[in-house]
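**Student:** Counting in the UniProt record's numbering, the sequence shown runs from 1 upward without gaps.
The C-beta atom is built at its ideal place from N, Cα and C for all residues, glycine as well.
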Amino acid sequence: MIPRALNRKGGGIVVSTRTGRLRSIGAIGALAIGALLAVPLGAVAAPEAGDSVYIGPRQGYSGTGAFPIYLDTPVDPSAPGEPDLWAFCIEHDVTARTGLEGTIGEADEFLGDNLFLDPVVQGKVLWILAHSYPAVSLADLGTAAGAPGLDANDAFEATQYAIWRYTDLGFDATWPWETPNSEAVYHYLADGAEASGGLTPADLSITLSISGPSGPQEAGTLVGPFTVTTDRPSVRVTADPAFAITDAAGTPIDADAVVDGQELYLDLRDANTSGSATVTATAEGTTVGGRIVSVPTTPGGTPSEAAHSQTIALVAPAGAVSTASAAAEWVGDAVPPVIGTTLVDAADGDQTLPWNGGTATDTIAYQHLIPGVEYTVSGELMRKSDGSATGITASATFTPTVPDGTVQVSFTVPSGYAGQQLVAFETLTQAEIAEPVAVHHDLADAAQTVTVEAAPVVSAPAQHGGAKELAATGSPLAGPATAGLLLIALGLAAVTPAVVRRRPVRR
C-alpha cells in the first residue's frame with residue numbers, strides 16, 4: 001500500500017509501512033499539561049443521541065490530546081471544572097474546533113468520508129477506546145502495555161495514533177511518538193484491535209432509564225410505580241426527599257440492587273400534605289460510550305457533510321457512573337378555599353356612595369384554590385337593616401395560576417337607596433361542582449359594607465301676591481299693617497287739639 005500523507009497542525013508528517021519506519025520531517029510542538037489529568041468519577045445524567053454537549057479545549061500533547069466533554073455548557077468556559085466524558089478525533093484531515101457545542105449521534109450518522117465509514121473500522125476504533133485511558137486507569141494500561149509510570153499525555157497520544165491508524169491511514173506505521181511509553185501503548189492498542197473482532201457501541205455503553213407514575217397521586221398512599229429499565233445486573237435507586245422505597249405491597253426493597261423492570265413505590269402512607277419527589281437510578285458506565293459527536297464550523301451552526309468540524313468519538317472514564325431520574329407529585333388532604341371581601345366606592349375608594357347611586361367595587365381575596373381550575377365568584381348587595389336582597393348582582397369567572405390571589409366584581413347601584421347601608425354577600429363555586437366551595441355572607445362585616453348618603457332636604461318656596469288673610473278679632477296687628485295704623489292714629493291725635501283750639505267760643 002502506498003503511504004498516505006497526513007497534514008498536522010504545526011507541520012506535516014509522512015508515514016510509511018513499518019518496514020520502512022516513519023520519519024518526522026515537520027516540527028511537532030508538545031504542550032505538557034501535567035503528568036496526570038484528572039478524570040471525574042461523579043455521576044452523569046444519562047445523555048442520549050441527539051443531545052448537545054460542550055467541547056472543551058484539547059488536553060495533552062499538541063495535536064494528539066483528548067477533548068474534555070461537558071453535558072452542560074460551563075458557566076465560565078475558562079474554568080469549566082471536571083469533564084463528564086472524553087473524546088478522540090476520528091477525522092485527522094478536518095480542522096478541530098473547541099469551545100462550542102456538538103451533537104451526539106450514532107456511528108452511521110458520521111458526516112465524514114474517511115475509513116471510519118467502514119463498520120469494521122468502527123469496531124476497531126471502539127476496541128481501542130474501550131482498552132485505553134481514560135476507559136481504564138493509567139496504572140492498568142501501563143501494566144498491560146509494558147509502560148511503567150505511564151502518564152496521561154502519553155496515553156492520549158498513543159490512543160489517538162492508534163485510532164488514526166484505522167480511520168485515516170489503513171495500515172500500521174511508525175509515528176513521531178513523544179516517549180517510549182507512548183510507543184509501547186500504541187503497539188498494545190493497535191495490535192490488540194487488529195487481533196480482535198472489534199466492538200459495538202453497546203460494548204462501551206449501558207442502557208438506563210426510569211419512568212414515573214402517569215396517573216394522579218395522593219398523600220397517605222404508596223406513590224408509584226417508578227419503573228427501572230437497564231441492561232446492568234442491578235442499579236441503585238434513591239429518593240429525594242428520602243421517603244422509604246417499597247414494592248407494590250408496601251414492603252421495603254433493597255434499593256442497592258434494583259433490577260430491570262422492577263416497579264418501585266414511595267411510602268407516603270403517613271403523609272397528609274401535598275408534595276413531590278424525585279427517584280434516581282444510578283449505574284456504572286455511560287449511555288453514550290462509542291457514540292460520535294458531530295461538530296459545526298461555527299457556534300450554534302448545524303454540521304453537514306459539506307461543512308463540519310472534526311468529528312470525535314466519546315468514551316467514559318473509568319469508574320464513571322450515569323443517572324436517570326423521574327419525578328412525581330401528589331396532593332394532600334384538601335384545605336377548603338377561603339374568601340374575604342372589601343367593598344368600596346369605585347369613584348374614590350371610600351365606603352360611601354352618592355345618595356343617587358354609583359358603582360361599588362368588591363375585591364375578593366381567595367386562598368387555597370387549585371391552580372388551573374375554573375372558578376366563579378357571584379355576589380349580591382343586601383340591605384344591612386333587615387338582611388333583605390336588593391337584586392343588585394355581579395359575578396366574575398376566573399382560572400387562578402396560584403392558590404392565593406384576588407379577583408374583582410363591580411355592582412351598579414341605582415338611585416333609590418339613599419340613607420341605606422348595603423353589604424356584599426359573595427359565593428365561590430368551582431367548575432363541575434354543584435355546591436359552593438366558599439361563601440362570605442356577614443351583615444356585620446364593615447369591610448364589605450358601603451353606606452349610601454342621605455338625600456338632601458329641599459325648603460318650600462315663598463308666596464307672592466293673591467288673597468291675604470285678615471287678622472282675627474282680638475289678635476294683634478303685625479308687620480307693615482300695624483305700623484301704618486299706628487302712624488294714622490298718631491297723626492289724628494296731633495291734629496285734633498289744634499282743631500279744638502281754633503273753634504270760636506260761643507257767647
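For A46 and L208, which I take to be in contact (beta-carbon distance under 8 Å), what is that distance rounded to the nearest angstrom?
**Tutor:** Sequence index remark: in the sequence shown, residue 46 carries index 46 (1-based). Sequence index remark: in the sequence shown, residue 208 carries index 208 (1-based). Indeed they touch by this definition, with Cβ atoms about 5 Å apart.
**Student:** Which residues in the same chain have their Cβ closer than 6 Å to the Cβ of T397, if we skip the five residues on either side of it in sequence?
**Tutor:** Working through the sequence shown from its first residue, we reach residue 397 at position 397. Only T376 meet the Cβ criterion.
**Student:** Alpha carbon to alpha carbon, how far is S378 from V439? Give it in angstroms, no decimals.
**Tutor:** Along the sequence shown, one-based indexing puts residue 439 at 439. Along the sequence shown, one-based indexing puts residue 378 at 378. Near 10 Å, if we compare the C-alpha coordinates of S378 and V439.
**Student:** What are the residues that DSSP puts in a beta bridge with G102?
**Tutor:** Reading the sequence shown from its first residue, position 102 is the one you call residue 102. Answer is V53, bridged to G102.
**Student:** Helix, strand or coil for Y166, going by three-state DSSP, please let me know.
**Tutor:** Sequence index remark: in the sequence shown, residue 166 carries index 166 (1-based). Of the three classes helix, strand and coil, the one that applies to Y166 here is helix, per DSSP.
**Student:** Which of helix, strand or coil does DSSP assign to T95?
**Tutor:** On the sequence shown, residue 95 is found 95 positions in, with the first residue counted as 1. Of the three classes helix, strand and coil, the one that applies to T95 here is coil, per DSSP.
**Student:** Between L199, T302, P80, Y265, which has its C-alpha nearest P119's C-alpha?
**Tutor:** Within the sequence shown, residue 119 is the residue found at index 119, counting from 1. Taking only the C-alpha atoms, the option nearest P119 is L199.
**Student:** Would you kindly work out how many angstroms separate the C-alpha atoms of A202 and P216, rounded to a whole number?
**Tutor:** On the sequence shown, position 202 is the one that residue 202 refers to. On the sequence shown, position 216 is the one that residue 216 refers to. The straight-line gap from Cα to Cα measures roughly 36 Å.
**Student:** Could you tell me which of V94, A239, E453, E426 sits nearest to A306, measuring between CA atoms?
**Tutor:** For the purposes of this step, residue 306 is taken as the residue at position 306 of the sequence shown. Nearest option by C-alpha distance: V94.
**Student:** Should P83 go down as buried or exposed, given a rule of 16 or more other Cβ atoms within 10 Å for buried?
**Tutor:** Residue mapping note: residue 83 aligns to position 83 of the sequence shown, counting from 1. So P83 ends up on the buried side.
**Student:** Can Q310 and A96 be called in contact, C-beta distance under 7 Å?
**Tutor:** Position 310 of the sequence shown, counted from the start, is the residue given in the question as residue 310. Position 96 of the sequence shown, counted from the start, is the residue given in the question as residue 96. Their beta carbons are under 7 Å apart, which means Q310 touches A96 by this criterion.
**Student:** Apart from the five residues on each side of it in sequence, which residues of its chain come closer than 6 Å, Cβ to Cβ, to A145?
**Tutor:** Here residue 145 is taken as the residue at index 145 of the sequence shown, counted from 1. Only A184, V185, Y188 meet the Cβ criterion.
**Student:** What's the C-alpha gap between P299 and L129?
**Tutor:** Taking the sequence shown and counting its residues from 1, one reaches residue 299 at position 299. Taking the sequence shown and counting its residues from 1, one reaches residue 129 at position 129. So the alpha carbons of these two residues sit roughly 27 Å apart.
**Student:** Check the C-beta distance from F67 over to A49 and give it rounded, since I have them as a contact under 8 Å.
**Tutor:** What you label residue 67 is simply residue 67 of the sequence shown in a count that begins at 1. What you label residue 49 is simply residue 49 of the sequence shown in a count that begins at 1. At roughly 18 Å, the Cβ-Cβ gap does not stay under 8 Å, so F67 and A49 are not in contact.
**Student:** Give, in chain order, every unbroken run of the beta strand (DSSP E) that is at least 3 residues long and sits entirely within the stretch 217 to 283.
**Tutor:** Those beta strand (DSSP E) runs which fall completely within the stretch 217 to 283 and span 3+ residues are 222 to 230, 236 to 240, 263 to 267.
**Student:** Along the chain, where does the beta strand (DSSP E) containing H308 start, and where does it finish?
**Tutor:** As a first step, residue 308 is located in the sequence shown; it is residue number 308 there, counting from the start. Per DSSP, H308 belongs to no beta strand (DSSP E) and is neither H nor E.
**Student:** Closest to T98 by C-alpha separation, out of L443, V295, A434, A326, would be which residue?
**Tutor:** As a first step, residue 98 must be located in the sequence shown, where it is residue number 98. Comparing Cα positions, the closest option is V295.
**Student:** State the DSSP-derived secondary structure class of S322, mapped to helix, strand or coil.
**Tutor:** Position 322 of the sequence shown, counted from the start, is the residue given in the question as residue 322. Three-state result, S322: strand.
**Student:** Determine the extent of the alpha helix (DSSP H) in which T143 is found, giving its start and end residues.
**Tutor:** For the purposes of this step, residue 143 is identified with residue 143 of the sequence shown, where counting begins at 1. Element bounds for T143: 138 to 145.
**Student:** Mind checking P317: buried by the 16 CB within 10 Å criterion, or exposed?
**Tutor:** The count along the sequence shown starts at 1 and reaches residue 317 at position 317. With 16 or more Cβ atoms within 10 Å of its Cβ, P317 is classed as buried.
**Student:** So the candidates are V235, S234, A249, G416; which of them puts its Cα closest to the Cα of G224?
**Tutor:** On the sequence shown, position 224 is the one that residue 224 refers to. Minimum Cα distance to G224 is reached at A249.
**Student:** Can you tell me which of the three DSSP states D345 falls into?
**Tutor:** Locating residue 345 in the sequence shown gives position 345, where the first residue counts as 1. Strand.
**Student:** Specify whether the stretch 349 to 359 and the stretch 325 to 339 touch according to this definition: at least 3 beta carbon pairs, one from each stretch, less than 8 Å apart.
**Tutor:** Short answer: they don't touch.
**Student:** Which same chain residues end up closer than 7 Å to E469 when comparing Cβ atoms and leaving out the 5 residues on each side of it in sequence?
**Tutor:** Taking the sequence shown and counting its residues from 1, one reaches residue 469 at position 469. Any reading at E469 needs caution, since the residue's pLDDT is 45, under 50, leaving its predicted position unreliable; the model's value is listed next. The answer is none, since no qualifying residue turns up.
**Student:** Within a Cβ cutoff of 7 Å, which residues of the same chain sit near K124, ignoring the five residues on either side of it in sequence?
**Tutor:** Numbered from 1 along the sequence shown, position 124 holds the residue referred to as residue 124. These residues qualify, in order along the chain: Y166, A193, G198.
**Student:** Could you tell me which of Y265, T143, P371, A454 sits nearest to A219, measuring between CA atoms?
**Tutor:** Indexing the sequence shown from 1 puts residue 219 at position 219. For the residues Y265, T143, P371, A454, the minimum Cα distance to A219 belongs to Y265.
**Student:** Name the two residues that bound the continuous alpha helix (DSSP H) containing S182.
**Tutor:** Reading the sequence shown from its first residue, position 182 is the one you call residue 182. From DSSP, the alpha helix (DSSP H) with S182 extends over 180 to 195.
**Student:** Counting only the same chain and skipping the five closest in sequence on each side, list residues whose C-beta sits under 6 Å from that of W164.
**Tutor:** If you number the sequence shown from 1, residue 164 lands on position 164. Around W164: H92.
**Student:** For I104, tell me which candidate among T390, T286, P337 has the shortest Cα-Cα distance.
**Tutor:** Mapped onto the sequence shown, residue 104 falls at position 104. That would be T286, whose Cα lies nearest to the Cα of I104.
**Student:** Are the beta-carbon atoms of residue 518 and A283 separated by less than 7 Å?
**Tutor:** The first residue shown for the chain is 1 and the last is 507, placing residue 518 beyond what the model contains.
**Student:** Could you compute how far the alpha carbon of P148 sits from the alpha carbon of H308?
**Tutor:** Along the sequence shown, read from residue 1 onward, the residue named residue 148 stands at position 148. Along the sequence shown, read from residue 1 onward, the residue named residue 308 stands at position 308. Going from the Cα of P148 to the Cα of H308 covers about 39 Å.
**Student:** Less than 7 Å between the beta carbons of A360 and F411, yes or no?
**Tutor:** Taking the sequence shown and counting its residues from 1, the one referred to as residue 360 is at position 360. Taking the sequence shown and counting its residues from 1, the one referred to as residue 411 is at position 411. Contact: yes.
**Student:** Taking just the CA atoms, how far does S276 sit from I206?
**Tutor:** As a first step, residue 206 is located in the sequence shown; it is residue number 206 there, counting from the start. As a first step, residue 276 is located in the sequence shown; it is residue number 276 there, counting from the start. Going from the Cα of I206 to the Cα of S276 covers about 28 Å.
**Student:** Residues bridged to T73 by DSSP?
**Tutor:** Indexing the sequence shown from 1 puts residue 73 at position 73. Answer is none; T73 lacks a bridge partner.
**Student:** Could you work out which residue in L422, V437, T429 is closest to A446 when comparing CA atoms only?
**Tutor:** Start at 1 with the first residue of the sequence shown, and residue 446 comes out as number 446. The option with the nearest alpha carbon to A446 is L422.
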